[in-house]
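*Asks:* Chains A and B are the protein sequences, given in the same order.
164 is the number of the first residue of the first sequence in the numbering used here; add one for each residue after it.
102 is the number of the first residue of the second sequence in the numbering used here; add one for each residue after it.
Every residue, glycine too, gets a C-beta built ideally from N, C-alpha and C.
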Amino acid sequence: MTTRSFGAPVTRNEDARLLSGRALFVDDVELPGMLYAAFLRSNVAHARINSIDVSEARARDGVVAVYTAEDLGDYWAPGPLLVPPPPIKDVIFNQRTQVPLAKDKVRHVGEPLAVVLAETRYLAEDALSDIALDLEPLPAVVDLEKALADTSACVHDGVRGNLAALVRQSRGNYAVARARADRIISRRLLYDHGASSPIETRGVVATWDDRAARLTVWDTTQAPVFLRNGLAGMLGLSERQVRVIAPFVGGGFGPKIMLFYPEEVVIPWAAMKLNRPVKWIEDRLEHFFATTQERGQTHDAEIALSADGRILGVKDIFLHDTGAYNPYGLTVPINSQCTLLGPYVIPNYDSTFRAIFTNKPIVTPYRGAGRQHGVFVIERLLDIAARELNIDRAEIRRRNLIPPDAFPYDNKIIYQDFAPLSYDSGNYEPILDKALEMIGYHHFLAEEQPRLRAQGRHVGVGVVCYVEGTGIGPYEGAKVQVQNNGKVSIATGIGTQGQGHFTVFAQVAADQLGVSVRDIDIVTGDTDQFYWGAGTFASRGAVVAGNAVNEAAKVVRQKILKLAAEHFECAEEDLEIVDGKVSVVGVPGQSIKLGELAARANPMRGAVKPGTEPGLESTQYFGPSGGATASGVHAMIVEVDPQTFTLEVLKYVVVHDCGTVINPLILAGQIHGGVAQGVGNAFYEQLVFDEEGQLLNASLADYLLPTSLEAPRTEIGHTVTPSPLNPLGVKGAGEAGAIPVGPLFAQAIEDALGLAERKIELNEIPLSPTRLFELASQQQ
Amino acid sequence: MTTETHDIAVTVNGKVYKRTVEARLLLSDFVRHDLLLAGTHVGCEHGVCGACTILFDGVAVRSCLMFAAQADGHSLETVEGLAPDPEHLHPLQEAMRDCHGLQCGYCTPGILMTMKAFLEETPSPDEAQVREALSGNLCRCTGYQHIVDAVLLAAERALGSSK
Chain A
164 MTTRSFGAPV TRNEDARLLS GRALFVDDVE LPGMLYAAFL RSNVAHARIN SIDVSEARAR
224 DGVVAVYTAE DLGDYWAPGP LLVPPPPIKD VIFNQRTQVP LAKDKVRHVG EPLAVVLAET
284 RYLAEDALSD IALDLEPLPA VVDLEKALAD TSACVHDGVR GNLAALVRQS RGNYAVARAR
344 ADRIISRRLL YDHGASSPIE TRGVVATWDD RAARLTVWDT TQAPVFLRNG LAGMLGLSER
404 QVRVIAPFVG GGFGPKIMLF YPEEVVIPWA AMKLNRPVKW IEDRLEHFFA TTQERGQTHD
464 AEIALSADGR ILGVKDIFLH DTGAYNPYGL TVPINSQCTL LGPYVIPNYD STFRAIFTNK
524 PIVTPYRGAG RQHGVFVIER LLDIAARELN IDRAEIRRRN LIPPDAFPYD NKIIYQDFAP
584 LSYDSGNYEP ILDKALEMIG YHHFLAEEQP RLRAQGRHVG VGVVCYVEGT GIGPYEGAKV
644 QVQNNGKVSI ATGIGTQGQG HFTVFAQVAA DQLGVSVRDI DIVTGDTDQF YWGAGTFASR
704 GAVVAGNAVN EAAKVVRQKI LKLAAEHFEC AEEDLEIVDG KVSVVGVPGQ SIKLGELAAR
764 ANPMRGAVKP GTEPGLESTQ YFGPSGGATA SGVHAMIVEV DPQTFTLEVL KYVVVHDCGT
824 VINPLILAGQ IHGGVAQGVG NAFYEQLVFD EEGQLLNASL ADYLLPTSLE APRTEIGHTV
884 TPSPLNPLGV KGAGEAGAIP VGPLFAQAIE DALGLAERKI ELNEIPLSPT RLFELASQQQ
Chain B
102 MTTETHDIAV TVNGKVYKRT VEARLLLSDF VRHDLLLAGT HVGCEHGVCG ACTILFDGVA
162 VRSCLMFAAQ ADGHSLETVE GLAPDPEHLH PLQEAMRDCH GLQCGYCTPG ILMTMKAFLE
222 ETPSPDEAQV REALSGNLCR CTGYQHIVDA VLLAAERALG SSK
């Protein structure tokens, strides 16, 4: 091996299985005697449960059991609070977590009330119609501002004004900054995010082996280890008795990190109670209610500037829709609050949010996890400021960028990982320059746009900046092992949903161990293979687990060299590991295969020196002291059809800095996919709830995901500012593509339609052809 | 409860399967859970996402929108039938791997079947044609760009090798 794997555009180890239909997804698990579950779900958003009569369903042929909350007995309990509130002064937090099956009250459409277990899925669904349900509807809490009123109905009895949380964070003194500002700009900004809509919905298969006294659960989770721990605790089992497998998972994007979903609690319990395997696979309609989503925030924001466009301070007060329960704590609104600061020097900041309970599905992180909302606010304020102060849009951003010598940069507020919001490293201006160059910004404004406008075309440009907090703790681990056949096995606790873990982790280890990426087998998401870990979320897999793999591979390398040096009776410095062999440099024929060394490291007979550890193996853990902050700029040229208000993206550019790049091919894929999700959020996708909390567009025919015709071709540029917080220097990249697309669309569309001249601002996301028509047609 | 059943004989990837099925059994469920050809995936069960696409007498169809009984006497092809043998991939599969045209891989089988039929009809497509043909298959991971690249590459390679 002469070429480095790390940094190369290596094609993926996992692809052959996936391409030939041989990869195992949860719904592919088939077990003898399996039962199939279907859940009866509330069809109203808010109601008291008068009665549930399941007797007729139980009597149906092929139905084995029907359970309601009562049947769960002591097992029934509200779920855990996954993320407690960060240590911010005077936080108000009212914890109300979801329950396995609703008792007394339902709080959103789709909340499960009963479960049917039957011999086939078709029969289980048939039996749902046999259940007699008496619900007494209550007024639904839907609108955020109305929810706060004393006169509003309460989602949770005893939580007046539906206040889930109240958090204020500030730095400096905004009032003083405001008093000396040349310009104050205040706006109301609305940002709504949608359903992550992985093509694979959620699913759970559970089987109890009575003889082995072990429970095995296949789950589409992003967090198998915590699922194992929680299930063991709830079911009164030792953690060793529970194996959770997150096999290939068909897209996660955040909502699959949430636990415990009601189905994750009920299905394993039913499998044990009935002593039969049980499968539940969510259908697409259920997915719109039963899987968590993101939704809207209403920001009343104000920016104070000097005449030359320097930000003196920002004040923001916002409402956050947390849905019917808040098991994920404050992660989403804290991300909004923190990420608003972006790559800019904002010396005075005063931000207050209220999280509001509503009779809608639960809100937990979805790719971006609230960062979008904050980025939209600051980017829109800067656009408006640029216009009012007569400064170029790119220039006003440049003037406010954190300078490269200011890192690590302390924002003096607390982030979602409970640590101070500190940017580890960055160099923002070259990113902006590169993006402007790639999109042809100045040329477009000076020459192209006037020329196209003269032809009657409506073409505009946008440019936005953002940061992304990635790679947060606490930790991940990895076990690296050289096997007797010379191949390397690596196990880690995180799950995988398409990020290329089977390849990037192999790339990290391949260079250390002198083996081909193809000779490294990765196991993820199986708690029997690796015991510890937190999960795949917050763009942290490559950063945290990747560095754990690196640390373990370094130790194994040392073990290889030590053993080989003993074997050849030479110094370790005289050895090299290449092509799966350890060789004495400069002595042809003096080499030993890694597999042979592995066998020697695990002798079957004889004696070993005291303290000898068997095998060429190491388990290491990595926990960063803080998150690694990636950054980037998106730029776009868009044409708007003035008749239909449909868009055509003529050019889309992302320049991104996620530190050292492990695999540029996989990184590009992450960014392309993020941009497509961002485009959906900006212009196509919206969860439309009516006043009664009914979702009006719960199908993929009505909730419009971008297709190959809407997702633009994206050109990517990189700059590299390594993170000092991990030895590989990497930063996460999972969410970067999705975060700034909303404000980019708003800015570029305004430019294309010349809305600024007519004093029309696009201060809401998502837009759509219809909404754009309404907004652009208003008379000012 | 529906109890009406049909005896059917269906050829899948060249092999004949004879089964007795309920009239209401979806073709997608039949392929996945009766024939255990689980490479065909189900994403929406209302004909939008395209994950369950298979070839039905050579035509790309959504197997979630058909009943198993409708396949009686017909010939189907699923993702399991694409590769010539376990050691090799179909040229379209190879191009998908080379271009990183898949991430989670869940939508991939449907895309492969849709694009196989498309390339047979349109062996030398341009990007706009590929995007149009692909627009009935949803993918949430890739942003489609690398899939489009892969289809164009597969077409280019096929033309190159046939010259």
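Between the stretch 149-165 of chain B and chain A, which residues of the former have CB atoms less than 7 angstroms from a CB of the latter, in chain order?
*Replies:* Within the stretch 149-165 of chain B, the residues whose Cβ lies closer than 7 angstroms to some Cβ of chain A are Val-149, Cys-150, Ala-152, listed in chain order.
*Asks:* Helix, strand or coil for Ser-862(A) per DSSP?
*Replies:* If DSSP states are grouped into helix, strand and coil, Ser-862(A) belongs with coil.
*Asks:* Could you tell me the boundaries of the beta strand (DSSP E) in which Leu-296(A) lies?
*Replies:* 295-300
*Asks:* Check whether the Cβ of Asp-199(B) lies closer than 8 angstroms to any Cβ atom in chain A.
*Replies:* yes
*Asks:* Beta-carbon separation of Glu-639(A) and Val-707(A) under 8 angstroms?
*Replies:* yes
*Asks:* Which runs of the alpha helix (DSSP H) at least 4 residues long sit entirely within the stretch 789-843 of chain A? Give them in chain order.
*Replies:* 827-842
*Asks:* Secondary structure at Gly-704(A), three-state DSSP: helix, strand or coil?
*Replies:* helix
*Asks:* Quick check on DSSP: helix, strand or coil for Glu-913(A)?
*Replies:* In the structure shown, Glu-913(A) adopts helical secondary structure according to DSSP, grouped into three states.
*Asks:* Roughly how many angstroms lie between the CA atoms of Ala-464(A) and Ala-617(A), to the nearest whole one?
*Replies:* Distance from the CA of Ala-464(A) to the CA of Ala-617(A), rounded to the nearest whole angstrom, comes to 37 angstroms.
*Asks:* Is there a Cβ of chain A sitting closer than 8 angstroms to that of Ala-259(B), yes or no?
*Replies:* no
*Asks:* Report the residue from Ser-164(B), Gly-115(B), Ala-256(B) whose alpha carbon sits nearest the alpha carbon of Glu-222(B).
*Replies:* Ala-256(B)
*Asks:* Determine the chain B residues that contact His-835(A) at a beta-carbon separation under 8 angstroms, and present them in chain order.
*Replies:* Thr-243, Gly-244, Tyr-245, Gln-246, His-247
*Asks:* Using the DSSP secondary-structure output, state which residues sit across from Asp-684(A) in a beta bridge.
*Replies:* Answer by DSSP bridge pairing, in chain order: Ser-652(A).
*Asks:* Below 8 angstroms, can you find three or more Cβ-Cβ pairs linking the stretch 324-333 of chain A to the stretch 545-553 of chain A?
*Replies:* no
*Asks:* So which residues of chain B does Ala-201(A) contact, with C-beta pairs closer than 7 angstroms?
*Replies:* Per Cβ cutoff of 7 angstroms: no residues; Ala-201(A) is ~14 angstroms from chain B at best.
*Asks:* Can you pull the chain A residues whose beta carbon is under 9 angstroms from the beta carbon of Gln-194(B), in chain order?
*Replies:* Asp-178, Ala-179, Leu-182, Ser-183
*Asks:* Give me the subset of the stretch 129-149 of chain B whose CB atoms are less than 9 angstroms from a CB atom of chain A, sorted by chain position.
*Replies:* Asp-130, Arg-133, His-134, Leu-137, Leu-138, Ala-139, Gly-140, Thr-141, His-142, Val-143, Gly-144, Cys-145, Glu-146, His-147, Gly-148, Val-149
*Asks:* Where Gln-579(A) and Asp-820(A) are concerned, what is the direct C-alpha to C-alpha distance, given to the nearest angstrom?
*Replies:* 21 angstroms
*Asks:* Residues in its own chain within less than 6 angstroms of Val-627(A) by CB, not counting five upstream and five downstream?
*Replies:* Glu-542, His-797, Pro-903, Pro-906, Leu-907
*Asks:* Provide the residue span of the alpha helix (DSSP H) that contains Ser-262(B), from first to last.
*Replies:* 246-263
*Asks:* Would Ala-125(A) pass as a contact of Gly-658(A) if the rule is Cβ separation under 8 angstroms?
*Replies:* Since the first residue shown for chain A is 164 and the last is 943, residue 125(A) is missing from the structure and cannot be characterised.
*Asks:* Write down every uninterrupted run of the alpha helix (DSSP H) in the stretch 171-242 of chain A whose length is 4 residues or greater and which is fully enclosed by it, in chain order.
*Replies:* With a minimum length of 4 residues, the continuous alpha helix (DSSP H) runs that stay inside the stretch 171-242 of chain A are 178-182, 218-222, 232-235.
*Asks:* Could you name the residues of the same chain whose beta carbon sits closer than 7 angstroms to that of Ala-727(A), not counting the 5 residues immediately before and after it, in chain order?
*Replies:* Hits under 7 angstroms: Leu-738, Val-745, Ile-755, Leu-760.
*Asks:* Counting only beta-carbon separations shorter than 8 angstroms, does Ala-184(B) have a partner in chain A?
*Replies:* yes
*Asks:* What are the residues that DSSP puts in a beta bridge with Tyr-354(A)?
*Replies:* Gln-460(A), Ile-928(A)
*Asks:* If you measure between the beta carbons of Phe-520(A) and Thr-485(A), is that distance less than 8 angstroms?
*Replies:* yes
*Asks:* Among all the DSSP beta bridges, which residues are the ones paired with Asp-689(A)?
*Replies:* Ile-408(A)
*Asks:* Taking its Cβ as the centre, do 16 or more other Cβ atoms sit within 10 Å of Leu-260(B), making it buried, or is it exposed?
*Replies:* exposed
*Asks:* Distance cutoff 8 angstroms, beta carbons only. Does Leu-253(B) sit that close to anything in chain A?
*Replies:* no
*Asks:* Against chain B, with Cβ distances strictly below 8 angstroms, would Asp-191(A) count as a contact?
*Replies:* yes
*Asks:* Below 8 angstroms between beta carbons: does that hold for Tyr-629(A) and Gly-795(A)?
*Replies:* yes
*Asks:* Taking the alpha carbon of Pro-226(B) as the reference point, which residue from Val-132(B), Arg-258(B), Leu-190(B) has its own alpha carbon closest?
*Replies:* Arg-258(B)
*Asks:* On the criterion of 16 or more Cβ atoms from any shown chain inside 10 Å, does Met-197(B) qualify as buried, or is it exposed?
*Replies:* buried
*Asks:* Mapping the DSSP letters down to three states, classify Asp-513(A) as helix, strand or coil.
*Replies:* Three-state result, Asp-513(A): strand.
*Asks:* By the DSSP assignment, the alpha helix (DSSP H) with Ala-765(A) in it spans what residues?
*Replies:* For clarity, residue 765(A) is Asn in the given sequence; the question names Ala instead. Premise fails: Asn-765(A) is in no alpha helix (DSSP H) and is neither H nor E.
*Asks:* If we cut at 8 angstroms on Cβ distances, does Val-347(B) have a partner in chain A?
*Replies:* Because chain B in this structure spans residues 102 to 264, residue 347(B) falls outside the shown range and cannot be described.
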